[in-house]
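Read the structure below first, then the notes.
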Amino acid sequence: MAASPQRSSSLPRPKRTLTIFLVVLLALYALVALINLGTDKGEDSAWQPRLGLDLEGGTRITLQAKATEGDVTKDKLDQARNIIDQRVNATGVTEAEVTTQGNDQVIIEIPGERKAGIVDEVGKTAQLRFRLLWTGDLPSAAKPLDAKDAAAQQKIIDDIDWTKLSLDQMITAETQGLNTLPKTYQAGIAALQKEAAGFVCNPAGVDVDDIANKPLVTCDTKRGEVQILSPTVIPGSDIKTAEPQYDSQRAEWSVRIDLKGEGKAAFKTVTNALTPAQNRFAIVLDGETITAPASQAPINNGVSSITGGFNADSAKALSNQLKFGALPLTFGVNGSEEIGPSLAGTQLDAGLIAGVVGLLLVIVYCLLYYRGLGLVIIGSLLVASALTYVMVLLLGKGVGFTLTLPGIAGLIVAIGITADSFIVFFERIRDEVRDGKSLRLAVEAGWVRARGTILAADAVSIIAAVTLFIFAIGVVRGFAFALGLTTLIDVFVVFFFTKPLVSLLARTKFFGQGHKLSGLDASHLGISGRKVSEIARTRPSTAGKVSR
Amino acid sequence: MSRISTFGQHLYEGRVSFDFIGRRKVFYAISAAIVVIAALAFIVRGFNYGVEFKGGVEFTAKVAVANVESSDAMIEAVEDSGVPDAGDPTVQTSGKDTIRIQTKALSQDEATKVTESLKKAGATEVSQNLIGPTYGKQVATKALTGLLVFLGIVVVFIWVYFREWRMSVAGIVALVHDLVITAGVYALSGFEVTPATVTGLLTILGFSLYDTVVVFDKVRENTKGILTSTTKTYAEQANLALNQTLVRSINTSITALLPVAALLFAGIVILGTGPLKDLALALFVGMLAGAYSSIFLATPLASQLKEREPAIKAQAARVMARRAKEANDADAPVAAGAVAAPSRTVRPTGAAKRAQPSRKPRSQRGKGGS
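Residue numbers (the working numbering), protein chains in the order written: chain A, 1 to 548; chain B, 1001 to 1370.
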């Protein structure tokens, strides 16, 4: 911009402000360059915005916590997120991103080609529990209980406080019969037996609510055996490690489990008590009995293995799930999205084209309408774009901001908001000129008035963006973030770039004297016969006058 | 263009003035009619919810050319996949080479089967989107919460900023107006409502109020010290503010709509159906409604509410009385040939002038107004 101030004055120092602004902008770019030097990976260039899955291609899985396991707390959700994160990484996927969303969701995003089975694997809750087999060898019923009766039985079971049962009591109940249990539990036992009598063992899998401290009616689908199980004696969280192992003699895959802490001691007690009569215990995964072995020998070191028709993959998958801990919450897959690379590419192209076209349209309109001042708008929009770009890069590095299609839409929509600030400012200047001020004074007076309006209007935009961001989920957040970011950038650009630039330009002959193309000439403003620079002296009588 | 500028100058000076506030009943009637139609459309027809709200699977298949034959091939492929729930899918072409296929809710395994079948039938690339039935509901619930919180904050913000609850009320009425109209357009046209549409609707909130705040700011400026003015009523000053910001309103609406139009264009022409189109469409309709409502609804309403205030009422009565008196003075034969043209106002200095009539009896009998 050819700006040549004629003399210094008491007006604000636009040159200094402009210089500082541009230095800051350059510094931000230098920062990105610096980060880029620091990154070794050629692919992960700091000049490349982080793209969302919809623009890059990949898989997104939304897991929804179920409210059956008591309160879904932030802690539990974070814990689950960590465990899922480890599981995903264990499957060999790099760059996968696992985040929580809202109060009860975990999002898994995996860029690039889909890996088969990953949804099933990471979403599995893997609630592994050791329970005593109170009653086994029950046949699968042909007809299930009707819903009303089933609910009534469940209520009886739920109303009893089973937590008061000791391990010894549970063992005695198995070895010497369920009638050894205190009276308070007898109604529950009857209900369990009724439930078991109506239990249909579906070979495709069972769907039961596996609640840790309550007895459970479930089945071993491979054997079609319906079972009544005791409350949990060893929770999955007592598992120290789990490894797949191959027994070459029996040509069978199994999962070796190493227990720790209380689980180790409890396992010792259980196996010691059950071994003499070769009583059985059950290993239950997500409500379904995987295996219910008889205790052949006391196990004192806490090491056991689960067999049950595993192959190499499923043994590995289960041990991964167990090793990285049982999830503190039960999840269901709420949705999964898979975007192919070429579709993603097309979306990115469409977004970029829309952005460029939108910017051009606004520029053309502003040039036509504001002429010379239009150049200021172009300059401001370009500076705002440059600032937005560098902020997107930095926020991508800093807080992991990824650019999604709605995000790009937010940036494009913001072009309008940004241009709006300039229009408010310019119209104010023109108002002041019409009121008879010289351009230099009009710029300052117009600014003072426009400033408040711009801030108030932008505040509304920011409030909208922040509420959207806090209360929205999924794609909406990216949009809100982009909108909020650009509104802030708009404020910065208008204050530290546009305003000082206009102040400087007002001192030039081209603008200050109201050149025909400056957008501030008399005829353009509709004040015929006067030059802008002269208006100060000949105040038009029309000023401030209203018809009626 | 320079004609628009001249026009702008005339608006600014009040040489050309549209009586927005005086004709508010007409605009209220128009708005009410549109809102009623929109609401009826919504009640009778309801929304055409996208798959995100119903739950299901959306497959996006890339094919060589998207046309009737390739669409049919895709439908057949879905049927051939042997997945029972996938029958009777909805199929749309989207852009030149993309076909969208929506089925009912499927399991992951089933969806994979369909994908494989589609690839066999000639799709070069298949994207799939498995959507649980609760997803859309969550988006909607969250959006509604967001909307209510936003309304709450904004009511307080406008109240504090303008020190005027009436402007809050008027702003919110205009906002609801815009939302209902946009929703009505969706109900009437049968455009699909997706989470992107919801995003668009929520964004309209910001825009609608942005515009309204700018106009209100000018109203506030014009009506500063209105109580001591004897020449202008609140309504007139508010109307002047509308006229003075008219060019700005037009310009900002155009500059805001241009990028959205580009977005809409890219969404429809390049991508066919999809989130970009849904978002841009909601924005486009909502912004038009927003530009309309801040001029024709919000400001007249704010002004009307304000006029009910006793102090403002009294002031308006004084202005009217003074005008009537001046008109009478001009009609009077006395002082014929005096310089004063009736409409010319000579920058009154407030209270001093107002006191004049009662102090200084003229030849004509005073009307004994205020």
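Note that the Cβ used here is the ideal one computed from N, Cα and C, for glycine as well.
Since the model is a prediction, treat every value here as computed from it, not as a measurement.
Item                                                                                                                                                                              : Value
List the residues of chain B that residue 19(A) touches, going by C-beta distances under 9 Å, in chain order.                                                                     : Near residue 19(A) there are no residues of chain B at all, since even the closest Cβ is about 29 Å away, more than 9 Å.
Taking 8 Å as the limit between beta carbons, can you name the residues of its chain near residue 301(A), skipping five residues before and five after?                           : 264
Going by C-alpha to C-alpha distance, which of 1219(B), 1112(B), 1020(B), 1032(B) sits closest to residue 1306(B)?                                                                : 1219(B)
Under 7 Å Cβ to Cβ from residue 1190(B), same chain only, skipping five residues before and after it: list those, please.                                                         : 1048
Does chain B have any CB closer than 7 Å to the CB of residue 36(A)?                                                                                                              : no
Taking Cβ positions, are residue 415(A) and residue 357(A) nearer each other than 7 Å?                                                                                            : no
Based on DSSP bridge pairs, tell me the residues matched to residue 131(A).                                                                                                       : 232(A), 282(A)
Please state the DSSP three-state secondary structure of residue 263(A).                                                                                                          : helix
Buried or exposed: where does residue 18(A) fall if 16 or more other Cβ atoms within 10 Å of its Cβ makes it buried?                                                              : buried
Is the CB-CB distance between residue 1132(B) and residue 1102(B) below 7 Å?                                                                                                      : no
Where do the ends of the beta strand (DSSP E) carrying residue 244(A) lie?                                                                                                        : 239-247
Consult DSSP for residue 1084(B) and reduce its assignment to one of helix, strand or coil.                                                                                       : helix
Are the beta-carbon atoms of residue 1183(B) and residue 1042(B) separated by less than 7 Å?                                                                                      : yes
Measuring straight from C-alpha to C-alpha, what distance separates residue 1027(B) and residue 1289(B)?                                                                          : 13 Å
What residue range is occupied by the uninterrupted alpha helix (DSSP H) comprising residue 99(A)?                                                                                : Per DSSP, residue 99(A) belongs to no alpha helix (DSSP H); it is in the beta strand (DSSP E), 97-101.
Determine, using beta-carbon pairs with one atom in the region 1195-1208 of chain B and one in the region 1242-1249 of chain B, whether at least three such pairs fall under 8 Å. : no
So the candidates are 1323(B), 1298(B), 1315(B); which of them puts its Cα closest to the Cα of residue 1025(B)?                                                                  : 1298(B)
List, in order along the chain, the chain B residues whose C-beta lies closer than 7 Å to that of residue 461(A)?                                                                 : 1206, 1210
Less than 7 Å between CB atoms is the rule here; does residue 13(A) satisfy it with respect to chain B?                                                                           : no
Please identify, using Cβ separations under 9 Å, the residues of the region 384-407 of chain A that lie next to chain B, in order along the chain.                                : 405, 406
Going by beta-carbon coordinates alone, are residue 1267(B) and residue 1280(B) separated by less than 7 Å?                                                                       : yes
For residue 78(A), which residues in the same chain have their Cβ closer than 6 Å to its Cβ, ignoring the five residues on either side in sequence?                               : none
Assuming contact is defined by CB atoms lying nearer than 7 Å, are residue 429(A) and residue 419(A) in contact in what I supplied?                                               : no
Please report the straight-line C-alpha distance between residue 283(A) and residue 59(A), rounded to a whole angstrom.                                                           : 33 Å
Under 7 Å, CB to CB, which of the residues in the region 1129-1149 of chain B have a partner in chain A?                                                                          : 1129, 1130, 1131, 1132, 1134, 1135, 1138, 1139, 1142, 1143, 1145, 1146, 1149
CA-CA distance, residue 1349(B) and residue 470(A)?                                                                                                                               : Residue placement at residue 1349(B) cannot be trusted, given a pLDDT of 45 that sits under 50; what the coordinates show is reported in the next sentence. Answer to the nearest angstrom: the Cα atoms are 52 Å apart.
I'd like to know if residue 549(A) contacts chain B, where contact means its C-beta is closer than 7 Å to some C-beta of that chain.                                              : As shown, chain A starts at 1 and ends at 548. That puts residue 549(A) outside it, with no answer to give.
Residue 221(A) touches chain B at which residues, Cβ-Cβ below 9 Å?                                                                                                                : Chain B residues near residue 221(A): none, gap ~17 Å exceeds 9 Å.
Could you spell out the range, first to last residue, of the beta strand (DSSP E) harbouring residue 309(A)?                                                                      : 303-310
Starting from residue 64(A) and walking both ways along the beta strand (DSSP E), at which residues does that stretch end?                                                        : 58-66
At which residue ranges does the region 1029-1087 of chain B contain complete alpha helix (DSSP H) runs of 4 or more residues, listed in the order of the chain?                  : 1051-1054, 1068-1080
Comparing alpha-carbon positions, which option in 180(A), 192(A), 104(A), 198(A) lies nearest residue 143(A)?                                                                     : 198(A)
Quick check on residue 56(A) - is its C-beta less than 7 Å from some C-beta in chain B?                                                                                           : no
Give a yes or no on contact between the region 45-58 of chain A and the region 339-353 of chain A, applying the rule of three or more CB pairs nearer than 8 Å.                   : yes
In chain A, which residues lie with their C-beta within 7 Å of the C-beta of residue 1110(B)?                                                                                     : In chain order: nothing, as chain A lies at least about 12 Å away.
Quick one: list the residues of chain A neighbouring residue 1267(B), beta-carbon separation under 8 Å, in chain order.                                                           : 350, 354
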